[in-house]
Ligand SMILES: [Zn+2]
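In structure tokens:
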């Protein structure tokens, strides 16, 4: 499941191919993904110019000069591929069409954007640009973790009343948007906070400490994604999935990376998801 840094990497990868470019042909190969596509989607997209490519939480938003915005969600297994060579950065030839290529955009600059999704948990929708924040997928989302509305006193206030474990509170998209299992595990390790610790029981200082740590964890992953983009462009043009090393995520039974800590990384299940943590460093 792509998390915020992966989606941001996809956005940055699509940007040079899509921003400022007109969709000369939109090919929609089936009526739906997770949900039905909007009516006449191909027709509404054809001839539209992408004025801006934004991200909100795990959604890529392409603002169009038709006053509509295309929302793209990768779901569990969605992949975006760029081919063609608008800026000399991507693979030159378009790959052969593949099974599960559900949506294909040809841009006037020669780029081709392909959305492939074998499991079809992804989604696309078209919404009026002036009301993207009220779209059902977006309306209840909390602030962006890298934005100005996510700050120390905000987070402390939201956690104060929560009798749930801090792990669940940080995964709650109404409190902060776009955080997923991997980066919550990593942030809690850096903060030295046990995943089962009740949110309301955190001291204000510890709650405050989470804000810069969450930002750092995400920024570092976005930077790792940025360096991977160069390789992806030269390889097959697929965007968004990159190798990144984690301190705790996926490291059950391996030694803790904190100097002088002799503990091994543990794993517990919380709300059906694995929490990786160091029992010695996280309290
Ligand atoms: Zn440790």
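Numbering (the numbering used here), first residue to last: 16 to 298. Beta carbons are placed, not taken as given, at the ideal position from N, Cα and C, and that holds for glycine.
Taking 6 Å as the cut-off, the C-beta of residue 200 does not count as close to any heavy atom of ligand 1. In this chain, residue 129 is not harboured by any alpha helix (DSSP H); it is covered by the beta strand (DSSP E) spanning 127 to 131. Of the candidates 158, 263, 31, the residue whose Cα lies closest to the Cα of residue 77 is 31. Shortest gap from the CB of residue 278 to any heavy atom of ligand 1: under 6 Å.
For a cut-off of 8 Å, the C-beta gap from residue 226 to residue 148 is around 23 Å, too long to register as a contact. Taking 4 residues as the shortest admissible run, the stretch 19 to 92 contains the following complete alpha helix (DSSP H) segments, listed from N- to C-terminal end: 19 to 33, 56 to 60. By the neighbour-count definition (other C-beta atoms within 10 Å, threshold 16), residue 258 is an exposed residue. Rounded to whole angstroms, the separation of the alpha carbons of residue 40 and residue 51 is 20 Å. Contact fails between the stretch 66 to 74 and the stretch 124 to 135, because fewer than three Cβ pairs, one in each stretch, are under 8 Å apart.
Using a cutoff of 6 Å, the CB of residue 219 does not count as near ligand 1, since none of the ligand's heavy atoms is closer than that. Counting along the chain, the unbroken beta strand (DSSP E) around residue 292 starts and ends at 288 to 292. Taking all protein chains shown into account, residue 268 has fewer than 16 neighbouring C-beta atoms within 10 Å of its C-beta and is therefore exposed. Cβ-Cβ separation between residue 215 and residue 162: approximately 25 Å, too far for a contact (criterion under 8 Å).
With a threshold of 6 Å, the Cβ atom of residue 273 counts as near ligand 1, since some heavy atom of the ligand is closer than that. Here the alpha carbon of residue 94 sits roughly 36 Å from the alpha carbon of residue 212. Listed in chain order, the non-local C-beta contacts of residue 222 below 7 Å within the same chain comprise 170, 171, 174, local neighbours out to five positions each way being set aside. Residue 285 is bridged by DSSP to 288. For residue 98, the enclosing beta strand (DSSP E) stretches over residues 94 to 98.
Closest in C-alpha terms to residue 45, from the list 37, 38, 54, comes 54. Ranked by Cα distance from residue 153, the first of 184, 131, 189 is 189.
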